[in-house]
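Note that the sequence shown covers residues 1 to 485 in our numbering.
A quick write-up on the structure given underneath.
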Amino acid sequence: ASNTETGIERLWAGTTGGILSKFMSELASFSDAIDNLPGLIYPSLLKRLMSFRRVRQQYRTHPRLHIWGLLEARFQQADLLILGGLNEGTWPPEVSADPWMSRPMRKKFGLPLPEHRVGLSAHDFTQAFCAPSVALTRSRRVGGTPTVPARWLLRITQLLDGHNLLSVLCPKHPWKDLQALLDKPKKMESITPPAPTPPVSARPRQLSVTQVETWMRDPYSIYAKYILKLIPLPALNLALETADYGTLVHQILNQFSETCPARPGDPLPDNAEDILIELGRQKFGAITNFPAVWAFWWPRFLSISKWFIDQERAARPEIVDIKTEVKGQLELVGPHGPFTLVAVADRIDCLESERLRIIDYKTGAPPTQKEISAGFAPQLPLEAAIANSGGFKSILGNNVSALNYWRLKGGTPAGEISSAGENIHKLAKDAIEGLENLIKAFDHEDTPYEARPRPEQAPKYSDYEHLARVKEWIVSDMLSENSEE
Numbered sequence: 001a002s003n004t005e006t007g008i009e010r011l012w013a014g015t016t017g018g019i020l021s022k023f024m025s026e027l028a029s030f031s032d033a034i035d036n037l038p039g040l041i042y043p044s045l046l047k048r049l050m051s052f053r054r055v056r057q058q059y060r061t062h063p064r065l066h067i068w069g070l071l072e073a074r075f076q077q078a079d080l081l082i083l084g085g086l087n088e089g090t091w092p093p094e095v096s097a098d099p100w101m102s103r104p105m106r107k108k109f110g111l112p113l114p115e116h117r118v119g120l121s122a123h124d125f126t127q128a129f130c131a132p133s134v135a136l137t138r139s140r141r142v143g144g145t146p147t148v149p150a151r152w153l154l155r156i157t158q159l160l161d162g163h164n165l166l167s168v169l170c171p172k173h174p175w176k177d178l179q180a181l182l183d184k185p186k187k188m189e190s191i192t193p194p195a196p197t198p199p200v201s202a203r204p205r206q207l208s209v210t211q212v213e214t215w216m217r218d219p220y221s222i223y224a225k226y227i228l229k230l231i232p233l234p235a236l237n238l239a240l241e242t243a244d245y246g247t248l249v250h251q252i253l254n255q256f257s258e259t260c261p262a263r264p265g266d267p268l269p270d271n272a273e274d275i276l277i278e279l280g281r282q283k284f285g286a287i288t289n290f291p292a293v294w295a296f297w298w299p300r301f302l303s304i305s306k307w308f309i310d311q312e313r314a315a316r317p318e319i320v321d322i323k324t325e326v327k328g329q330l331e332l333v334g335p336h337g338p339f340t341l342v343a344v345a346d347r348i349d350c351l352e353s354e355r356l357r358i359i360d361y362k363t364g365a366p367p368t369q370k371e372i373s374a375g376f377a378p379q380l381p382l383e384a385a386i387a388n389s390g391g392f393k394s395i396l397g398n399n400v401s402a403l404n405y406w407r408l409k410g411g412t413p414a415g416e417i418s419s420a421g422e423n424i425h426k427l428a429k430d431a432i433e434g435l436e437n438l439i440k441a442f443d444h445e446d447t448p449y450e451a452r453p454r455p456e457q458a459p460k461y462s463d464y465e466h467l468a469r470v471k472e473w474i475v476s477d478m479l480s481e482n483s484e485e
């Protein structure tokens with residue numbers, strides 16, 4: 001019914017009007033039974049009788065949408081079939097015992113067994129599953145109770161899994177693939193590694209010995225940091241990392257060298273290890289808010305302490321003085337002007353006969369002899385060159401006799417001492433020549449700051465890897481190199 005209809009047309013129109021008309025017709029057929037009832041009873045009687053009639057509102061459905069049962073679906077075709085209720089007990093139906101007829105009785109009467117319905121359900125599923133486009137659906141819970149997938153769903157899953165197709169055809173999170181399709185480009189184009197060529201006037205004229213290594217391994221990082229002036233921001237709620245552990249250990253060992261300075265003929269005190277541990281306890285007190293970190297780092301430091309004191313006792317007799325965090329620099333000349341090399345040495349031991357031993361503390365793995373000789377780990381050789389030229393102003397002597405890495409592992413053994421090489425003079429000379437060649441090359445505007453020019457010598461970590469979009473080109477770049485070989 002609508003507001004444009006009036007009178008009797010509006011009364012009998014629509015779904016409710018049809019049900020009311022049917023009700024009144026049936027009521028009229030029983031008019032003889034209620035002919036003698038008083039008039040006051042009619043309203044209550046009508047209300048009572050009408051309460052048994054249920055009116056179901058009929059909503060308009062889309063002409064292309066149909067909901068079918070299994071019997072109806074057998075004779076229908078559709079562009080897309082959505083199979084619902086694929087759970088044991090629904091599709092296929094649950095096989096229950098017949099309270100009236102046993103299996104032998106059904107057989108004698110020629111009636112099919114209860115499992116016959118399961119066979120029909122399987123047939124219906126097979127027909128529907130072979131449609132051009134099908135969506136298989138089921139509810140994981142019914143009334144709050146977990147359900148069991150239909151047996152044919154399980155069988156299909158086993159077949160797909162056996163052919164390694166399950167993750168492809170039935171991904172766990174298909175909506176992620178759909179989301180990716182929203183931003184899928186029409187064409188995929190590979191990119192080349194960045195190779196910016198800024199003007200020479202913008203290129204740095206001072207670098208540290210550690211940054212020289214970065215310059216050789218990943219020039220783009222030098223470009224991003226010193227030319228673009230991009231400095232990474234610290235992360236929110238930053239957790240302690242391995243680098244923080246290395247900084248702590250360096251600070252503790254430096255403070256120990258100041259607390260127990262080396263003097264000729266003056267050995268370490270008997271309680272040197274206790275002093276070192278106490279200094280460590282004070283420094284490690286800053287990380288008591290990180291109990292998990294403390295549980296791993298503190299035992300390592302205790303192990304390092306004993307090893308370090310043993311090495312100190314053995315080395316102290318020939319040490320005249322110990323300097324830590326020693327600053328130095330060396331002036332070089334390039335095609336476009338002077339270039340300053342700066343360094344902060346972890347430790348320099350002033351030995352007898354004005355000899356020097358430069359030590360670099362490492363809580364991680366030190367560079368290999370191959371990397372040092374190839375020039376990709378020039379830190380200690382460059383520090384030796386600075387020392388040989390008198391660049392460490394607070395150090396007396398310019399004869400470097402040893403370049404050592406003290407690896408502070410905290411395991412078994414707790415530490416290791418390795419040498420950068422025997423021929424210190426040659427290492428220093430080669431390192432300076434390599435740096436001068438680097439300066440000369442980058443003093444030409446055509447020389448680019450490439451990202452990882454030698455992938456096999458790339459740094460282990462870079463703050464600018466995402467900026468250089470390394471992951472977008474490194475694989476294709478390596479594949480092309482292998483194909484050329």
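Built from N, CA and C at the ideal position, the CB exists for glycine as well.
- Task: Determine the contact status of Ile395 and Ile348, defining contact as a CB-CB distance below 7 Å.
- Result: Here residue 395 corresponds to residue number 395 of the sequence shown, with the count starting at 1. Here residue 348 corresponds to residue number 348 of the sequence shown, with the count starting at 1. In contact: Ile395 and Ile348 (Cβ atoms closer than 7 Å).
- Message: Can you list, in chain order, the residues of its chain with a C-beta nearer than 8 Å to that of Ile222? Leave out the 5 residues immediately preceding and following it.
- Response: By 1-based counting over the sequence shown, the position of residue 222 is 222. So the list reads Pro204, Leu207, Gln211, Thr214, Trp215 and Tyr449, once near-sequence residues are dropped.
- Evaluate Ala387 with the Cβ neighbour count: other Cβ atoms within 10 Å of its Cβ, from every protein chain shown; 16 or more gives buried, anything less gives exposed. Against the sequence shown, residue 387 aligns to sequence position 387. That one is buried.
- Item | Close-in-space but distant-in-sequence residues of the same chain around Ser389 (CB under 6 Å, 5 per side omitted) | Here residue 389 corresponds to residue number 389 of the sequence shown, with the count starting at 1. Excluding sequence neighbours, Ser389 sits near Leu330.
- Kindly identify the DSSP beta-bridge partner or partners of Lys22. For the purposes of this step, residue 22 is taken as residue 22 along the sequence shown, with counting starting at 1. Note: Lys22 sits in no beta bridge, so no partner.
- What first and last residue would you give for the alpha helix (DSSP H) that runs through Thr259? Here residue 259 refers to the residue found at position 259 of the sequence shown. From DSSP, the alpha helix (DSSP H) with Thr259 extends over Thr242 to Thr259.
- Message: If you reduce the DSSP assignment to three classes, tell me which class Asp177 lands in.
- Response: Counting from 1 along the sequence shown, the entry for residue 177 is found at position 177. The three-state secondary structure of Asp177, taken from DSSP, is helix.
- Item | Residue range of the unbroken beta strand (DSSP E) whose run includes Ala339 | Here residue 339 corresponds to residue number 339 of the sequence shown, with the count starting at 1. Here residue 339 turns out to be Phe, not Ala, going by the sequence shown. The continuous beta strand (DSSP E) containing Phe339 extends over residues Gly337 to Leu351.
- To the nearest angstrom, report how far apart Ser29 and Lys107 are at their CA atoms. For the purposes of this step, residue 29 is taken as the residue at position 29 of the sequence shown. For the purposes of this step, residue 107 is taken as the residue at position 107 of the sequence shown. For Ser29 and Lys107, the distance between alpha carbons rounds to 47 Å.
- Task: Name the one or two DSSP bridge partners that Gln206 has.
- Result: The residue you call residue 206 lines up with position 206 of the sequence shown. Per DSSP, Thr340.
- Along the chain, where does the beta strand (DSSP E) that runs through Ala135 open and close? Stepping through the sequence shown from its first residue, residue 135 is reached at position 135. Where Ala135 is concerned, the enclosing beta strand (DSSP E) stretches over Val134 to Leu136.
- Task: Return the residue from the list Lys22, Gly85, Pro194 and Thr145 that minimises the CA-CA distance to His466.
- Result: Counted from its first residue, the sequence shown places residue 466 at position 466. When Lys22, Gly85, Pro194 and Thr145 are compared, the shortest CA-CA separation from His466 is found for Pro194.
- Task: Return the residue from the list Ala202, Cys350 and Phe301 that minimises the CA-CA distance to Lys225.
- Result: Within the sequence shown, the letter at position 225 stands for residue 225. Sorting Ala202, Cys350 and Phe301 by C-alpha distance to the C-alpha of Lys225 places Ala202 at the top.
- Query: Does the Cβ-Cβ distance between Leu81 and Ala33 come in under 7 Å?
  - Reply: Within the sequence shown, the letter at position 81 stands for residue 81. Within the sequence shown, the letter at position 33 stands for residue 33. Inclusion of Leu81 and Ala33 in the CB contact set at 7 Å is not warranted, their separation being larger than that value.
- Of the choices Ser21, Asp177, Phe392 and Ala315, whose alpha-carbon is the least far from that of Val344? Residue numbering aside, residue 344 sits at position 344 when the sequence shown is read from its first letter. Selected option, being the one with the closest Cα: Phe392.
- For Tyr464, which residues from the same chain have a beta carbon less than 6 Å from its beta carbon, with the 5 sequence-adjacent residues on both sides left out? For the purposes of this step, residue 464 is taken as the residue at position 464 of the sequence shown. Closer than 6 Å at Cβ, skipping near neighbours: Ser221 and Ala224.
- Task: Have a look at Leu351, Ile432, Val249 and Leu268 and flag the residue whose alpha-carbon is nearest the alpha-carbon of Gly415.
- Result: Here the question's residue 415 lines up with position 415 in the sequence shown. When only C-alpha atoms are compared, the closest one is Val249.
- Task: Would you identify the three-state DSSP class for Ser418, choosing helix, strand or coil?
- Result: Numbered from its first residue, the sequence shown carries residue 418 at position 418. Three-state DSSP puts Ser418 in a strand.
- Query: Helix or strand or just coil, what does DSSP make of Thr61?
  - Reply: As a first step, residue 61 is located in the sequence shown; it is residue number 61 there, counting from the start. If DSSP states are grouped into helix, strand and coil, Thr61 belongs with coil.
- Message: Using the Cβ count rule (16 or more neighbours within 10 Å means buried), how would you classify Asp218?
- Response: Here residue 218 corresponds to residue number 218 of the sequence shown, with the count starting at 1. By the Cβ-count criterion, Asp218 is buried, with 16 or more other Cβ atoms from all chains shown falling within 10 Å of its own Cβ.
- Query: In whole angstroms, what is the alpha-carbon distance linking Lys47 and Ile19?
  - Reply: Taking the first residue of the sequence shown as 1, we reach residue 47 at position 47. Taking the first residue of the sequence shown as 1, we reach residue 19 at position 19. The alpha-carbon atoms of Lys47 and Ile19 are separated by roughly 15 Å.
- CA-CA distance, Gly143 and Ile156? Reading the sequence shown from its first residue, position 143 is the one you call residue 143. Reading the sequence shown from its first residue, position 156 is the one you call residue 156. Each residue's alpha carbon lies about 26 Å from the other.
- Measure the alpha-carbon distance for Arg469 versus Thr147 and round it to whole angstroms. One-based indexing of the sequence shown puts residue 469 at position 469. One-based indexing of the sequence shown puts residue 147 at position 147. Answer to the nearest angstrom: the Cα atoms are 47 Å apart.
- Assigned secondary structure, Gln77 (DSSP; H/G/I helix, E/B strand, else coil): Within the sequence shown, numbered from 1, the residue matching residue 77 stands at position 77. Correct three-state label for Gln77: coil.
- Contact belief for Gly489 with Ile372 at Cβ below 8 Å, rounded distance in angstroms: Outside the modelled stretch of the chain, which goes from 1 to 485, sits residue 489, for which no answer is possible.
- Message: Going by the DSSP bridge assignment, what does Asp321 pair with across the sheet?
- Response: For the purposes of this step, residue 321 is taken as residue 321 along the sequence shown, with counting starting at 1. Residue pairing by DSSP places Asp321 opposite Cys350 in a beta bridge.
- Message: In chain order, what are the residue ranges of uninterrupted alpha helix (DSSP H) at least 4 long that sit wholly in the segment 381 to 412?
- Response: Qualifying alpha helix (DSSP H) stretches: none in this window.
- Query: For Trp91 versus Ser121, is the C-beta spacing smaller than 7 Å?
  - Reply: Residue 91 sits at position 91 when you count from the first residue of the sequence shown. Residue 121 sits at position 121 when you count from the first residue of the sequence shown. Cβ distance < 7 Å, so Trp91 and Ser121 count as in contact.
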